[in-house]
Amino acid sequence: MEDEVLKKIVPRINELAKKAKGAGLTEVEKVEQADLRKKYVTRFKENFRRQIEMMKVYDNDGKEVTPEKVRKIQRKKNLRDD
27 MEDEVLKKIV
37 PRINELAKKA
47 KGAGLTEVEK
57 VEQADLRKKY
67 VTRFKENFRR
77 QIEMMKVYDN
87 DGKEVTPEKV
97 RKIQRKKNLR
107 DD
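27 is the number of the first residue of the sequence shown in this note's numbering; add one for each residue after it.
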């Protein structure tokens with residue numbers, strides 16, 4: 027599932043980065059760029075955290091070795107039966 031927020035802000039981030047390398051940015055654009063980057067990083071971390079929380083880890087013998095911290099989060103979110 028693609029993140030619609032990221033789909034919208036990434037092109038603008040890239041546009042501002044390209045302009046910064048060329049003609050430079052106005053103060054308003056610099057503030058916008060910083061805000062967009064902050065939103066991007068926050069959203070990226072949220073998405074990455076969700077992926078990790080959904081994961082189960084197994085060793086070579088097929089035994090589950092998911093860290094207990096992740097198991098607790100999964101139990102809290104009713105993603106585990108144990």
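Cβ coordinates follow ideal geometry from the N, Cα and C atoms, glycine included.
### Task
Might you give, ordered along the chain, the residues of its own chain that have their beta carbon closer than 7 Å to the beta carbon of residue 84, omitting 5 neighbours on each side?
Here residue 84 is taken as the residue at index 58 of the sequence shown, counted from 1. Once the five neighbours on either side are set aside, the close Cβ partners of residue 84 are 90, 91.
### Query
When you compare only the Cα positions, how much space is there between residue 105 and residue 80?
On the sequence shown, residue 105 is found 79 positions in, with the first residue counted as 1. On the sequence shown, residue 80 is found 54 positions in, with the first residue counted as 1. Distance between the alpha carbons of residue 105 and residue 80: 8 Å.
#### Entry: Spatial distance of residue 53 from residue 107 (CA atoms)
In the sequence shown, residue 53 corresponds to position 27, counting from 1. In the sequence shown, residue 107 corresponds to position 81, counting from 1. Each residue's CA atom was taken as its position, placing residue 53 and residue 107 some 53 Å apart.
### Message
So residue 99 and residue 65 are supposed to be a Cβ contact under 8 Å. How far apart are they, rounded?
### Response
Here residue 99 refers to the residue found at position 73 of the sequence shown. Here residue 65 refers to the residue found at position 39 of the sequence shown. Contact doesn't hold; Cβ gap of about 24 Å is too wide.
### Task
Starting from residue 106, follow the alpha helix (DSSP H) in both directions and report where the run begins and ends.
Sequence index remark: in the sequence shown, residue 106 carries index 80 (1-based). Counting along the chain, residue 106 falls outside any alpha helix (DSSP H), and DSSP gives it neither H nor E.
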